[in-house]
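For reference, the structure is listed below as structure tokens.
There are 2 protein chains.
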Amino acid sequence: MDKKQRIIITMLELVVKQGLHATPMSQVAKEANVAVGTIYHYFENKNQIIEEIYLMIVQDYGVVLMANLPDKDYKSQYEAMWLNLYNYFVGNPLAFTFMEIVAVPPIITKNLVRLSAKHIANIRDFFLKGIEENHIKDVPVRLILQMVLGDVVSAMRLKIKDELDMNKEQLKFALEMSWDSIKKNN
Amino acid sequence: MDKKQRIIITMLELVVKQGLHATPMSQVAKEANVAVGTIYHYFENKNQIIEEIYLMIVQDYGVVLMANLPDKDYKSQYEAMWLNLYNYFVGNPLAFTFMEIVAVPPIITKNLVRLSAKHIANIRDFFLKGIEENHIKDVPVRLILQMVLGDVVSAMRLKIKDELDMNKEQLKFALEMSWDSIKKNN
DNA sequence: ATCAACAAATTGAATATTCATTCGGTTTTC
DNA sequence: GAAAACCGAATGAATATTCAATTTGTTGAT
Numbered sequence: 001m002d003k004k005q006r007i008i009i010t011m012l013e014l015v016v017k018q019g020l021h022a023t024p025m026s027q028v029a030k031e032a033n034v035a036v037g038t039i040y041h042y043f044e045n046k047n048q049i050i051e052e053i054y055l056m057i058v059q060d061y062g063v064v065l066m067a068n069l070p071d072k073d074y075k076s077q078y079e080a081m082w083l084n085l086y087n088y089f090v091g092n093p094l095a096f097t098f099m100e101i102v103a104v105p106p107i108i109t110k111n112l113v114r115l116s117a118k119h120i121a122n123i124r125d126f127f128l129k130g131i132e133e134n135h136i137k138d139v140p141v142r143l144i145l146q147m148v149l150g151d152v153v154s155a156m157r158l159k160i161k162d163e164l165d166m167n168k169e170q171l172k173f174a175l176e177m178s179w180d181s182i183k184k185n186n
Numbered sequence: 001m002d003k004k005q006r007i008i009i010t011m012l013e014l015v016v017k018q019g020l021h022a023t024p025m026s027q028v029a030k031e032a033n034v035a036v037g038t039i040y041h042y043f044e045n046k047n048q049i050i051e052e053i054y055l056m057i058v059q060d061y062g063v064v065l066m067a068n069l070p071d072k073d074y075k076s077q078y079e080a081m082w083l084n085l086y087n088y089f090v091g092n093p094l095a096f097t098f099m100e101i102v103a104v105p106p107i108i109t110k111n112l113v114r115l116s117a118k119h120i121a122n123i124r125d126f127f128l129k130g131i132e133e134n135h136i137k138d139v140p141v142r143l144i145l146q147m148v149l150g151d152v153v154s155a156m157r158l159k160i161k162d163e164l165d166m167n168k169e170q171l172k173f174a175l176e177m178s179w180d181s182i183k184k185n186n
């Protein structure tokens, strides 16, 4: 692994464990086995490292979410997507916590958020299609997106905080609740 | 308003606007029209002010949420509760943002969270009753609590970030989605 | 009422620490 | 032998906290 990558990973780990402002560059340097100066060879400043981590994770969203969707009914595709995101978080708890507690304003600017919107355009399209084809409620797609993300985050929070172990059954419950919230009532 | 109160309010305002670590005690002192030393007369340290703000808001939850519940069916009571919390956030955007981006670990410890659990015991009871009486799904109450809170937060985020104006209709949608997610299917 | 004596509140300059960033020099790479 | 990567001590700015000194408030005796 090259030094730039080591710096990014180390920063991610430390910042999730200790918080951004409790993580001095000197510590990042030490734990990444790199000199402080080297960090500034690759990055303008501390915040730029954070921005790169953010963009890295958002990019993941775009590909992870839509991976291996079954060629079945809409609900099954939704469930696959939901689980894709959930499992991504389970497999990358650092990414989850980073997005939860580090990737917030003013650290991450509105501008950067807009810049990363293109990565999740396909997810938006998925829900727009669902509305058109009458699978899900005809409400603003932005509302759907936010609520669905909120559901995955809620499930993940319980797991991270060890308040539920999120076994098969509990996961099924969460997924069912999420689907019920968006599915069209007839 | 006494000085202690002024210090708390000023800290809340600044910390929401600038972030915790971008808010020096000297600035809090100046904007609260108080000397730095006075702050340390009332508080042990910076973090203790944050903890007091946190407890203040959690205490609000307990009373605000259960206020003026209609003496009608369970669903109506749920909607009233949901709107109580939503409107509390709308009326206290500082409280909302504080809980969202400041009241996170490691600033707020697990211990403090446990300490504040008693304030929301009645909310928990409300959902337990709903499960018993077959109004809502028979799933772990902790899951319900987290998902419902997540729904309100999602709605509020959209409003705060100005992505939806959250007019009557949009609010109705969000509330409907939230209820559908927990209501029992027959 | 007046005042002495004490306690509580208030002040802000001084302290000590922490930390992001710089930069002159060294090593590695091609 | 030039360019790129790398080093880490030195710099300078920021800031949480302390504390000795001052002001304000309270109490009870005269």
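Line by line, the protein sequences give chains A and B.
The opening position of the first sequence corresponds to residue 1 in the UniProt record's numbering, with each subsequent residue numbered one higher.
The opening position of the second sequence corresponds to residue 1 in the UniProt record's numbering, with each subsequent residue numbered one higher.
From the three backbone atoms N, C-alpha and C, an ideal C-beta is built for every residue, glycine too.
Using three-state DSSP, classify residue i as helix, strand or coil.
i: I108 of chain B; result: coil
i: K183 of chain A; result: strand
i: G150 of chain A; result: helix
i: M166 of chain B; result: coil
i: K3 of chain B; result: helix
i: G91 of chain B; result: helix
i: K161 of chain A; result: coil
For residue i, which residues in chain B fall below 7 Å Cβ to Cβ?
i: R157 of chain A; result: Q146
i: residue 237 of chain A; result: Residue numbering for chain A in the displayed model covers 1 to 186; residue 237 of chain A lies beyond these limits and cannot be assessed.
i: G19 of chain A; result: P106
i: I57 of chain A; result: Within chain B, no residue comes near I57 of chain A; the closest Cβ sits about 17 Å away, beyond 7 Å.
Determine the direct distance from the alpha carbon of residue j to that of residue i, and round the result to whole angstroms.
i: E163 of chain A; j: L112 of chain B; result: 16 Å
i: V104 of chain A; j: G91 of chain B; result: 22 Å
i: P106 of chain A; j: Q18 of chain B; result: 7 Å
i: F98 of chain B; j: I101 of chain A; result: 12 Å
i: D125 of chain A; j: N68 of chain A; result: 17 Å
i: V139 of chain A; j: V141 of chain B; result: 28 Å
i: A95 of chain B; j: I57 of chain B; result: 7 Å
i: M81 of chain B; j: L158 of chain B; result: 20 Å
i: I120 of chain B; j: L115 of chain A; result: 39 Å
i: K168 of chain B; j: A174 of chain B; result: 10 Å
i: K156 of chain B; j: H135 of chain B; result: A quick correction: the sequence has Met, not Lys, at residue 156 of chain B. Approximately 26 Å, taken between the alpha carbons.
i: N33 of chain A; j: I50 of chain A; result: 19 Å
i: K184 of chain B; j: L12 of chain B; result: 40 Å
i: L149 of chain B; j: F89 of chain A; result: 20 Å
i: V15 of chain A; j: N186 of chain B; result: 47 Å
i: Q59 of chain B; j: I144 of chain B; result: 20 Å
i: S26 of chain B; j: K46 of chain B; result: 11 Å
i: I108 of chain A; j: L171 of chain B; result: 28 Å
i: G62 of chain B; j: V64 of chain A; result: 39 Å
i: Y86 of chain B; j: K30 of chain A; result: 46 Å
i: I79 of chain B; j: K161 of chain B; result: Sequence check: residue 79 of chain B is Glu here, not Ile. In a straight line, the C-alpha of E79 of chain B is about 24 Å away from that of K161 of chain B.
i: Q93 of chain A; j: M66 of chain B; result: Reading off the sequence, residue 93 of chain A comes out as Pro, not Gln. Those two C-alpha atoms are separated by around 35 Å.
i: S154 of chain B; j: V36 of chain B; result: 38 Å
i: T38 of chain B; j: Q48 of chain B; result: 14 Å
i: V28 of chain B; j: L55 of chain B; result: 20 Å
i: K118 of chain A; j: K110 of chain A; result: 14 Å
i: K4 of chain A; j: E52 of chain A; result: 11 Å
i: N84 of chain B; j: V152 of chain B; result: 10 Å
i: N122 of chain B; j: Q146 of chain B; result: 15 Å
Given that residue i touches chain B, what residues does it touch there, using C-beta distances under 8 Å?
i: V153 of chain A; result: G150
i: R124 of chain A; result: By Cβ distance, chain B contributes nothing, its closest Cβ being about 12 Å from R124 of chain A, past 8 Å.
i: E53 of chain A; result: Here residue 53 of chain A turns out to be Ile, not Glu, going by the sequence shown. Correct list: empty, because the minimum Cβ distance to chain B is about 17 Å.
i: I39 of chain A; result: Those do not exist, as I39 of chain A stays about 20 Å from chain B at its closest Cβ, beyond 8 Å.
For residue i, go through chain A and note every residue whose CB falls closer than 9 Å to its CB, in chain order.
i: K137 of chain B; result: F173, E176, M177, D180
i: I120 of chain B; result: Chain A residues near I120 of chain B: none, gap ~14 Å exceeds 9 Å.
i: I131 of chain B; result: What I131 of chain B touches in chain A: nothing, since even the nearest Cβ is about 12 Å away.
i: I8 of chain B; result: By Cβ distance, chain A contributes nothing, its closest Cβ being about 22 Å from I8 of chain B, past 9 Å.
Chain A partners of residue i, CB-CB under 8 Å?
i: P140 of chain B; result: L164, Q170, F173
Using a C-beta to C-beta distance shorter than 7 Å, which residues of chain A count as neighbours of residue i?
i: I50 of chain B; result: What I50 of chain B touches in chain A: nothing, since even the nearest Cβ is about 13 Å away.
Quiz prompt | Cβ contact (3+ pairs, closer than 8 Å) linking the stretch 2-16 of chain A and the stretch 38-53 of chain A | solution = Under the 8 Å Cβ criterion, the stretch 2-16 of chain A counts as touching the stretch 38-53 of chain A, having at least three qualifying pairs.
Quiz item: Are the stretch 177-184 of chain A and the stretch 15-31 of chain B touching by the rule of at least three beta carbon pairs closer than 8 Å?
Solution: No, the stretch 177-184 of chain A is not in contact with the stretch 15-31 of chain B.
Quiz item: What are the start and end residues of each continuous beta strand (DSSP E) run of 3 or more residues lying completely inside the stretch 23-87 of chain B, in chain order?
Solution: Here no run is fully enclosed.
Quiz item: Between the stretch 72-83 of chain B and the stretch 114-134 of chain B, are three or more C-beta pairs nearer than 8 Å?
Solution: Taking a cut-off of 8 Å on C-beta distances, the stretch 72-83 of chain B touches the stretch 114-134 of chain B, as three or more cross pairs fall below it.
Quiz item: Taking only runs of the alpha helix (DSSP H) that begin and end inside the stretch 103-147 of chain B, which ones reach a length of at least 4 residues, in chain order?
Solution: For the stretch 103-147 of chain B, whole alpha helix (DSSP H) runs of length 4 or above, ordered along the chain, are 110-115, 121-132.
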